[in-house]
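The block underneath contains the structure these notes are about, expressed in structure tokens.
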Amino acid sequence: MTRYTRLAGLAVLLMLAAGALIFFYAPEDYLQKEPQRIFYLHVSAAIAAFACFAVVLGGSAVYLRTESARADRLARAAALVGVVLTTVTLVMGMLYAKPIWGTFWTWDARLTSTLVLWIIYAGYLLLRRLAEPGQQTARFAAVVGIFGFVDVPIVYFSVTWWRGHHPGPVIVSNALPPEMLFTFMVTMACTLFLAAVMVAIRYRIETLMDEAPSPASAHLVGAAAREPEPAR
Amino acid sequence: MTRSISVAYAVARKDLTSEWRTRELVPALGQFVVLALVIANFGFQIDSRNATVIAPGVLWLALVFAGLVAFGRAFAAEREQASLEAMLLTPAPPAAIFAGKAIAAALLLIVCEMVLLPAMTLFFGTPLNPALIVAVLLATVGMAAVGCLFAAIVARVRSREVLLPLLTLPLWIPFIVAGGQAVQVAMGASGNYNQAVALLIDFDILFLVLTSLAARFVLDD
Numbered sequence: 005m006t007r008y009t010r011l012a013g014l015a016v017l018l019m020l021a022a023g024a025l026i027f028f029y030a031p032e033d034y035l036q037k038e039p040q041r042i043f044y045l046h047v048s049a050a051i052a053a054f055a056c057f058a059v060v061l062g063g064s065a066v067y068l069r070t071e072s073a074r075a076d077r078l079a080r081a082a083a084l085v086g087v088v089l090t091t092v093t094l095v096m097g098m099l100y101a102k103p104i105w106g107t108f109w110t111w112d113a114r115l116t117s118t119l120v121l122w123i124i125y126a127g128y129l130l131l132r133r134l135a136e137p138g139q140q141t142a143r144f145a146a147v148v149g150i151f152g153f154v155d156v157p158i159v160y161f162s163v164t165w166w167r168g169h170h171p172g173p174v175i176v177s178n179a180l181p182p183e184m185l186f187t188f189m190v191t192m193a194c195t196l197f198l199a200a201v202m203v204a205i206r207y208r209i210e211t212l213m214d215e216a217p218s219p220a221s222a223h224l225v226g227a228a229a230r231e232p233e234p235a236r
Numbered sequence: 006m007t008r009s010i011s012v013a014y015a016v017a018r019k020d021l022t023s024e025w026r027t028r029e030l031v032p033a034l035g036q037f038v039v040l041a042l043v044i045a046n047f048g049f050q051i052d053s054r055n056a057t058v059i060a061p062g063v064l065w066l067a068l069v070f071a072g073l074v075a076f077g078r079a080f081a082a083e084r085e086q087a088s089l090e091a092m093l094l095t096p097a098p099p100a101a102i103f104a105g106k107a108i109a110a111a112l113l114l115i116v117c118e119m120v121l122l123p124a125m126t127l128f129f130g131t132p133l134n135p136a137l138i139v140a141v142l143l144a145t146v147g148m149a150a151v152g153c154l155f156a157a158i159v160a161r162v163r164s165r166e167v168l169l170p171l172l173t174l175p176l177w178i179p180f181i182v183a184g185g186q187a188v189q190v191a192m193g194a195s196g197n198y199n200q201a202v203a204l205l206i207d208f209d210i211l212f213l214v215l216t217s218l219a220a221r222f223v224l225d226d
């Protein structure tokens, strides 16, 4: 059992514990009833996604400065996990929106900016996949990673800048009863831990992939070794 | 600083001269935006009652896709001739070269807007006023900065035709949010024009600063 398996197991246990708190400890919301319980994981996933994109920003900035392969790998790993967490946020949000607003989607500022965030970093991942791996691609991706972060504060402040359907910030405005706040804090801590573990595992995978010769070049080397070039 | 400006001016002049001699992009873009209006007409059944509601959306769709073509071409030509490397070998600062190319591409897009806006007035009867022109020009500035940066990135990547819109469009959305609101108001909808234009200027400044910081890393080899 490697370090990573143990960490992953711990993260799963923590998430189960958070789930138990969400369903059995947190009180039911008076107005919104059961769907309100989505809030805990929805907001936690969003915050964890922001944290991942902040790591992408940091890794990209460090890469542009020092060309450190580690910073680039960290940015790659965090971008993937961030996209997954943004997907979770969007899907959980839609499941909440259907019973509460009567529709899965509305073009509210926060929903729209979160969707754009997802598209930006999905584009980042696509750039990494389509471009030849190398220093130049890493540099380009770093630029995309830094530009993409512009959308994160837009998502965060969208509920204050444009009043829409999406509820405003309830945590910082201290609008939650203590049991809900406690459940939320635990869920957020567990989700952040889960995100960190996923980034660590992905970082390891990226390291192994960087070290392994790419399948294309391995094939070329093998072919060249087997059949000598025909004489012209 | 003055050297950077003269380099940017020289690069922009080179691009515009080459466009003037070949006349390869602007006529195509002009036709493209007029075609976009024709398609919008059939897609939306535009008449004098709904024109001012639909026209802002048509304007941004046409402009965004014309912009993608214009900015994509800005670096495609350099790639085909492998002339970008030659320019980068000179002691000219890469950021200045980038600025020159962005300015030239923005001017080409503005020429295309000079076709699009009167054509909309002619075909759809929407108003053509200074408020509209100011909003479109302000959006063009920021869109050109971001668009050229990503065009420079994808120029050296496989499947660039796919990647350019994918990377550029999400970052243009702030300009379309603010510009869209300003254009709607300029065409007669209710709303706050000054706030939208102020937001456009904010986004312009933000993205111009970010682009000027990032240009070095995109063009350096």
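One line per chain: the protein sequences are A and B, in this order. Count along the first sequence from 1, add 4, and you get the number used in our numbering. Count along the second sequence from 1, add 5, and you get the number used in our numbering. Note that the Cβ used here is the ideal one computed from N, Cα and C, for glycine as well.
9 Å Cβ cutoff, residue i in contact with chain B
i, result
"A:Ala135", "yes"
"A:Thr90", "no"
"A:Gly152", "yes"
"A:Leu99", "no"
"A:Asp155", "yes"
"A:Arg143", "yes"
"A:Gly226", "Any reading at A:Gly226 is ruled out, since the residue's pLDDT is 48, under 50, leaving its predicted position unreliable."
"A:Ala235", "At A:Ala235, the pLDDT of 48 sits below 50, so the modelled position is not reliable and the matter cannot be decided from this model."
"A:Asp76", "no"
"A:Leu84", "no"
Where residue i meets chain A, residues with beta-carbon distance less than 9 Å
i, result
"B:Val214", "Near B:Val214 there are no residues of chain A at all, since even the closest Cβ is about 11 Å away, more than 9 Å."
"B:Leu171", "Ile123, Ala126, Gly127, Leu130, Leu131"
Cutoff 9 Å: residue i Cβ touching any chain A Cβ
i, result
"B:Val223", "yes"
"B:Ala219", "yes"
"B:Leu168", "yes"
"B:Ile210", "no"
"B:Leu121", "no"
"B:Val43", "no"
"B:Ser195", "no"
"B:Pro175", "yes"
"B:Val190", "no"
"B:Val151", "yes"
Other residues of its chain near residue i: CB distance less than 7 Å, five sequence neighbours each side excluded
i, result
"A:Tyr128", "Ala83, Ala145, Val148, Gly149, Gly152"
"B:Ala60", "Met125, Phe129, Thr131, Met192"
"A:Phe197", "Ala15, Leu18"
"B:Ala56", "Phe129, Gly130, Thr131"
"B:Ile108", "Ala13, Ala17"
"A:Val201", "Leu11, Ala12, Ala15"
"B:Pro170", "Leu73"
"B:Leu154", "Thr216, Ala219, Ala220, Val223"
6 Å Cβ shell around residue i - same chain, five flanking residues per side excluded
i, result
"A:Phe54", "Val156"
"B:Met148", "Gly72, Trp177, Phe180"
"A:Asp112", "Gly168, His169, His170"
"A:Asp214", "none"
"A:Ala235", "Because A:Ala235 carries a pLDDT of 48, less than 50, the predicted location of this residue cannot be relied on, and the following value inherits that uncertainty. Excluding positions up to five away in sequence, the list is empty."
Straight-line Cα distance separating residue j from residue i
i, j, result
"A:Arg74", "A:Cys194", "26 Å"
"A:Gly3", "A:Val174", "The structure shown has nothing for residue 3 of chain A, since chain A only spans 5 to 236."
"A:Leu61", "A:Leu185", "29 Å"
"B:Asn134", "B:Ile51", "21 Å"
"B:Phe208", "B:Leu113", "21 Å"
"B:Ser88", "B:Thr27", "17 Å"
"B:Ala104", "A:Pro137", "27 Å"
"B:Gly62", "B:Val39", "15 Å"
"A:His46", "A:Ala179", "17 Å"
"A:Tyr44", "A:Glu32", "12 Å"
"B:Glu90", "B:Leu224", "9 Å"
"A:Thr70", "A:Ser64", "10 Å"
"A:Glu99", "A:Val92", "A small fix is needed here, since residue 99 of chain A is Leu in this sequence, not Glu. Their Cα atoms are separated by approximately 11 Å."
"B:Ala45", "B:Cys117", "17 Å"
"A:Gly23", "A:Ile51", "17 Å"
"A:Leu25", "A:Arg143", "43 Å"
"B:Ala33", "B:Ala75", "10 Å"
"A:Arg7", "A:Val88", "23 Å"
Amino acids of chain A, ordered along the chain, whose beta-carbon sits closer than 7 Å to that of residue i
i, result
"B:Ile178", "Val120"
"B:Arg161", "Gln140"
Partners in chain B for residue i, counting only beta-carbon separations shorter than 8 Å
i, result
"A:Val147", "Leu154, Ile158, Ala219, Phe222, Val223"
Contact set for residue i: own chain, Cβ-Cβ below 8 Å, skip 5 residues either direction
i, result
"B:Val190", "Ala136, Gly196, Asn197, Tyr198, Ala201"
"B:Ile206", "Leu143"
"A:Arg114", "Val159, Ser162, Val163, Gly168, His170"
Chain B contact residues for residue i, given Cβ-Cβ distances below 7 Å
i, result
"A:Arg114", "Chain B residues near A:Arg114: none, gap ~13 Å exceeds 7 Å."
Residue i: contacting residues in chain B (beta-carbon distance under 9 Å)
i, result
"A:Val176", "By Cβ distance, chain B contributes nothing, its closest Cβ being about 24 Å from A:Val176, past 9 Å."
Listed by chain order, chain A residues near residue i by CB distance under 8 Å
i, result
"B:Ser164", "Leu134"
- Message: Which complete beta strand (DSSP E) runs does the stretch 125 to 151 of chain A hold, if anything under 3 residues is left out?
- Response: none
- May I have a chain-ordered list of the alpha helix (DSSP H) segments no shorter than 4 residues that lie completely inside the stretch 92 to 163 of chain B? 99 to 129, 135 to 159
- Task: Counting only runs of 3+ residues fully inside the stretch 29 to 116 of chain A, write out the beta strand (DSSP E) ranges in chain order.
- Result: none
- Message: Which complete alpha helix (DSSP H) runs does the stretch 34 to 74 of chain B hold, if anything under 4 residues is left out?
- Response: none
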